[in-house]
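Have a look at the structure below, then the notes.
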Amino acid sequence: MGPYILKRLISAIPVLLGITVIVFLIMAMIPGDPATAILGSYATPENVEKLNRDLGLDKPLISRYFIWLGNMLTGDFGRSFSLNRPVLDEILERFNATLILAGTAFVICSFFGILAGVISAARQYGFADKAITFVVLIGISVPSFFLGMMMILLFSVNLRWLPVSGMYAIYGGGDLADLARHLVMPAVALAVVATGVIARLSRSAMLEVLRQDFIRTARAKGVREGRVLYGHALRAAMVSIIPVLGIQAGFVLSGSVFIEIVFQWPGVGRMLVDAILTRDLLLVQGGVVFVAACYVLFNICVDVAQSLLDPRIKT
Amino acid sequence: MMFLRLLFRNRLAAMGAIVLAIILILVLAIPILPLQDPDVIKTSDRFLKPFSDGHLLGTDHLGRDLLARLLHGTRLSLAVGIFAALIAATIGSAVGIVAGYFGGRIDNVIMRGIDMLMAFPYILLALAIVAALGPGLMNALIAVAAVNIPFFARNIRGITVGLAGREFIDAARLSGMGHGRIILTELLPNVLSTIVIAMSTTVGWMILETAGLSFLGLGSQPPQADLGSMLGEARSALITNPHTSIIPGIMIFLIVMSINLLGDGVRDALDPRLRSGALSRPRAKTIVDRKGEVPADDGKGLLNLQSLDTQFHVSNRVYRAVNDVSLFVNRGECLGIIGESGSGKSVTALSVMGLVASPPGVVTGGAVRYEGEDLLAAPYESLREKRGNKVAYIFQDPLSTLHPLYRVGDQLMEAIQVHHKVTDAEAKQRAIELLMSVRIPNAESRIRNYPHEMSGGMRQRVGIAMALANDPDVIIADEPTTALDVTVQAQILALLDDLRRERGLAIVFITHDFGVVAQLCDRVAVMYGGRIVEEGTTTDILDHPAHPYTKRLMDCVPELGGGKRALAAIPGLPPMVSDLPPGCAFAPRCDKATEACRKGEIALSGSETRAVRCIHPEEEIA
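Chains A and B, in that order, give the protein sequences. So for the first sequence, this note's numbering puts the first residue at 1; every next one is plus one. So for the second sequence, this note's numbering puts the first residue at 316; every next one is plus one.
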């Protein structure tokens with residue numbers, strides 16, 4: 001197992017480098033002079049020249065890339081001018097909140113998605129299957145930000161069950177129960193679409209597996225139907241479900257941008273949108289690279305989980 | 316036309332098409348509808364509720380007419396989404412075709428790049444692009460199109476790689492066509508349906524994604540508004556005036572849902588694999604729907620099949636896989652069932668314990684008696700208790716019949732523990748003994764193997780060990796040696812023979828190999844077209860085959876050291892059991908067939924131990 005993890009980690013290096021190249025190239029596409037953009041009305045020729053020198057913008061593209069990369073490797077993501085603090089500090093502080101939100105949503109969509117898919121397959125063409133298929137159809141068509149707003153209307157404004165927004169209550173609170181109360185709605189709103197996608201896929205993966213010969217063998221042995229479904233069939237279906245969980249984790253992470261805006265959640269997504277609107281490009285650049293790198297590492301975990309589940313994968 | 320008919324047979328897809336059509340018609344009719352100017356601000360009329368005078372859907376925070384804004388916004392959202400989908404499809408498909416067609420280095424470089432792009436959570440990439448280009452609807456469109464390019468490139472490349480190696484592409488190349496022409500005239504038409512499927516499934520996302528970017532304030536800029544930015548602007552008044560949020564939100568939902576429904580329909584109609592509707596799951600027990608009387612117990616054998624009928628109902632066709640089959644087997648006896656593939660021998664065997672995949676399989680008549688009890692009438696739980704415990708199966712091809720993800724030891728232990736309350740340690744000990752009894756060396760370490768780590772012969776022995784786990788009374792072996800080489804085959808047959816002598820097992824042995832029958836079986840039944848055409852003791856059948864089919868079948872078998880002899884293949888094909896001719900099913904392939912053979916029911920005649928279903932038997936049976 002150890003060597004396999006190491007191998008996957010090493011194979012992630014070119015992907016991580018590729019990510020930095022892509023982000024760097026996108027940022028280099030910026031039309032006009034970034035220094036002028038940053039300085040705005042303070043853009044006297046001297047100031048522009050000084051800032052260009054400070055930011056290293058007077059050097060050729062390639063050396064600028066390597067300087068930027070080298071700085072990042074030493075933990076220097078640059079300084080956000082709009083917040084006047086190091087980019088990495090801001091990201092780390094925000095990422096915690098995003099991780100709580102997206103992580104919870106990921107657990108919700110994985111659990112309920114697989115559960116719904118398996119039930120749906122087990123009761124194919126029955127009432128439960130039809131009901132689940134219908135709910136899933138609605139779920140994957142609702143924009144998460146609209147769903148979030150409707151949840152606020154229902155649960156916060158009308159029923160007054162849950163707080164409207166934020167991560168902690170301003171007065172009091174701050175404990176785990178307070179966090180949970182704030183977390184419920186955004187996490188659910190974020191999870192809905194992914195739950196639907198996972199449910200659909202799990203259903204078809206289960207139906208595919210249930211037609212296999214080894215399921216007939218299990219039945220011929222006299223294995224109880226519950227265990228045939230939730231043991232033999234689900235175990236085999238997980239082989240095709242797990243990669244989809246990895247992909248959906250990316251969608252959940254993406255979707256957290258919208259949910260963080262709707263629920264005023266102090267995460268990386270909201271930071272990125274604010275940074276784009278204030279044209280704080282170093283913050284955007286750093287934030288995108290950081291989150292993408294985390295996602296790459298997460299996908300390695302998915303691969304490792306897959307190899308633990310499926311002994312046919314050479315480790 | 317076929318495509319449209321399939322599409323509209325799908326009721327949900329048709330519903331999606333109708334909703335989408337209504338939205339499109341409304342949006343296209345904007346110039347002729349009596350709408351107000353969507354951008355006229357009248358602050359005195361702000362936040363009017365729906366159904367107020369002059370404003371059917373009310374007004375927004377600046378007093379602008381919501382109906383007009385909704386329709387204009389819908390038009391903009393649809394246009395941007397569809398346009399983004401077209402750009403992504405065009406560029407993505409072009410990249411995919413180039414990578415797939417040229418292959419090698421070019422493919423490698425392009426696909427590495429695509430992999431990198433796919434490593435991003437995709438909205439993040441879109442945000443980076445918008446950050447660089449600046450907020451604006453056009454830039455949001457570019458960003459959304461760009462992040463969806465990898466999806467198309469990947470899909471289309473996959474298809475193209477498959478096509479690029481095909482003969483017609485080689486032919487085009489040899490005839491001197493240039494790369495450009497080959498791609499445009501030979502490849503593109505063949506990948507077009509895939510592109511359409513990919514587009515129909517993604518255009519919904521792209522509308523949603525652009526709406527999302529506008530919602531964040533990064534897409535369309537005021538006063539211009541698509542549905543996303545309408546929702547974004549309304550958010551600050553969510554609590555006081557929810558209608559301004561709900562109206563555009565529901566519109567996005569309707570658009571995306573109708574496109575999703577339609578997209579699913581398009582995919583189902585174009586993807587032939589799903590079209591067959593074959594993806595229904597087999598139940599725990601074959602459906603039993605007996606039309607006639609249940610035959611009375613005639614007391615024969617330990618396992619006794621009486622006039623069994625098993626059919627497959629696929630759409631409107633009925634396949635009569637097993638037709639009035641009666642068989643029995645005694646303790647310590649081995650009954651062979653022999654026939655070509657498709658003769659119904661496996662379905663007969665699976666019918667015994669309700670293991671015929673159902674749907675589409677249905678048992679429509681007869682009885683299966685184990686110690687006199689009719690298993691077809693038995694409730695599921697009582698049947699399940701007998702499966703593997705009283706009547707066990709050995710299947711063909713143990714690579715697909717053993718669970719690929721469980722260790723063989725665990726699979727053996729499970730077989731024991733479903734029927735006996737024993738501890739894991741005891742079950743494990745028993746599993747090792749079982750493996751040793753089927754002569755697997757190093758059984759203690761072999762139980763930790765996965766099926767794919769074993770050879771075919773080993774796996775087959777595991778299959779046999781599993782069948783023996785609970786010391787059953789009957790073993791039904793469905794071609795357990797077909798996939799094996801002859802030496803292993805001989806060992807396994809010897810093993811089964813020992814077991815039946817030692818333990819008094821009754822064996823039903825299904826095969827198409829007379830050599831195996833001669834070695835192992837006491838009695839043989841020959842099946843053709845779902846019916847038994849001849850039965851008798853092994854010596855009788857081998858020495859004096861009575862049915863022309865049996866004789867012809869034996870003439871196909873080469874004999875070692877038998878001298879030179881013409882091997883006579885049987886001309887023609889076994890009949891389709893959905894369309895059996897009247898009279899003898901073998902008549903069309905039989906050189907002795909006469910008019911009488913082609914009409915009416917021909918009965919199985921003879922004694923209980925020797926019978927044949929033929930008007931012109933090769934030899935009169937005793």
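Virtual Cβ for every residue (Gly too), placed ideally from N, Cα, C.
According to the neighbour-count rule (16 or more other Cβ atoms, all chains shown, within 10 Å of its Cβ), is residue i buried or exposed?
i: residue 280(A); result: buried
i: residue 688(B); result: exposed
i: residue 265(A); result: buried
i: residue 68(A); result: buried
i: residue 822(B); result: buried
i: residue 591(B); result: Note that residue 591(B) has pLDDT 44, beneath the 50 cutoff, so the model's placement of it is unreliable and the number below is only indicative. Exposed, since its Cβ has fewer than 16 Cβ neighbours within 10 Å.
i: residue 313(A); result: exposed
i: residue 71(A); result: exposed
i: residue 186(A); result: buried
i: residue 593(B); result: Model confidence at residue 593(B) stands at a pLDDT of 49, short of 50, so the residue's coordinates are unreliable; what they give is reported in the following sentence. Exposed, since its Cβ has fewer than 16 Cβ neighbours within 10 Å.
i: residue 617(B); result: buried
i: residue 158(A); result: exposed
i: residue 3(A); result: exposed
i: residue 346(B); result: exposed
i: residue 544(B); result: buried
i: residue 802(B); result: exposed
i: residue 567(B); result: buried
Which residues in chain B have a C-beta closer than 7 Å to the C-beta of residue i? List them in chain order.
i: residue 23(A); result: 443
i: residue 271(A); result: In chain order: nothing, as chain B lies at least about 11 Å away.
i: residue 235(A); result: 720
i: residue 310(A); result: 720
i: residue 225(A); result: 599
At a CB-CB cut-off below 9 Å, which residues of chain A make contact with residue i?
i: residue 571(B); result: 140, 141, 142, 143
i: residue 564(B); result: 142, 143, 145, 146, 147, 149, 150
i: residue 451(B); result: The premise fails here: residue 451(B) is roughly 12 Å from chain A at the closest Cβ pair, so nothing lies under 9 Å.
i: residue 362(B); result: Residues of chain A passing the Cβ test: none, with the nearest at roughly 16 Å.
i: residue 699(B); result: 219, 222, 223, 224, 225
Quick one: is the Cβ of residue i within less than 8 Å of any heavy atom of the ligand GTP?
i: residue 665(B); result: Absent from the structure shown: the ligand GTP. Ligands present: none.
Starting from the beta carbon of residue i, find every residue of chain A whose beta carbon is closer than 8 Å, and list them in chain order.
i: residue 597(B); result: 210, 211, 215, 216
i: residue 716(B); result: 213, 214, 216, 217
i: residue 708(B); result: 217, 220
i: residue 526(B); result: 143
i: residue 567(B); result: 143, 146
i: residue 472(B); result: Per Cβ cutoff of 8 Å: no residues; residue 472(B) is ~18 Å from chain A at best.
Which residues of chain A have a Cβ atom closer than 7 Å to the Cβ of residue i, listed in chain order?
i: residue 431(B); result: 15, 18, 19, 22
If the cut is a Cβ gap below 9 Å, which residues of chain B does residue i touch?
i: residue 29(A); result: 444, 447, 448
i: residue 295(A); result: 434, 435, 436, 439
i: residue 157(A); result: 553, 554, 557
Compute the beta-carbon to beta-carbon distance between residue i and residue j, rounded to the nearest angstrom, for a pair I have assumed lies under 8 Å.
i: residue 726(B); j: residue 717(B); result: 6 Å
i: residue 797(B); j: residue 711(B); result: 6 Å
i: residue 523(B); j: residue 338(B); result: About 15 Å; that fails the 8 Å criterion.
i: residue 650(B); j: residue 486(B); result: Going by Cβ atoms, the distance from residue 650(B) to residue 486(B) rounds to 55 Å, so no, they are not a contact pair.
Could you tell me which uninterrupted beta strand (DSSP E) segments, each at least 3 residues in length, are contained entirely in the segment 753-806 of chain B, listed from first to last along the chain? 789-793
Whole beta strand (DSSP E) elements within the segment 690-747 of chain B, 3-residue minimum: 706-709
Along the segment 528-551 of chain B, where does the CB come closer than 7 Å to a CB of chain A? Name the residues. 530, 531, 532, 533, 546, 550
When Cβ atoms are compared, which residues of the segment 660-688 of chain B fall closer than 9 Å to chain A? 665, 668, 669, 670, 672
Would you mind listing the beta strand (DSSP E) stretches within the segment 614-695 of chain B that are 3+ residues and don't spill past its ends, in chain order? 618-629, 632-644, 649-653, 676-685
Continuous beta strand (DSSP E) assignments of at least 3 residues falling wholly in the segment 146-196 of chain A: none
Scan the segment 727-745 of chain B for residues whose Cβ lies nearer than 7 Å to a Cβ of chain A and list them as they occur along the chain. 729, 730, 733, 734
Ignoring anything shorter than 4 residues or poking outside the segment 402-465 of chain B, list the alpha helix (DSSP H) runs there in chain order. 419-433, 437-448
Quick one: complete alpha helix (DSSP H) runs, 4+ long, within the segment 191-250 of chain A? 213-221
Members of the segment 620-647 of chain B that neighbour chain A once the beta carbon cut-off is set at 7 Å: none
Hey, which unbroken runs of the beta strand (DSSP E) at 3 residues or more fall wholly within the segment 41-121 of chain A? none
Within 7 Å of chain B by C-beta, residues of the segment 109-128 of chain A in sequence order: 121, 124
Select from the segment 167-189 of chain A all residues with a C-beta closer than 7 Å to any C-beta belonging to chain B, and list them in chain order. none
Can you list, in chain order, the residues of the segment 744-769 of chain B whose Cβ is nearer than 7 Å to any Cβ on chain A? 765, 767
Anything in the segment 768-788 of chain B with a Cβ closer than 9 Å to a Cβ of chain A? List those residues in chain order, please. 768, 778, 781, 782, 784, 785
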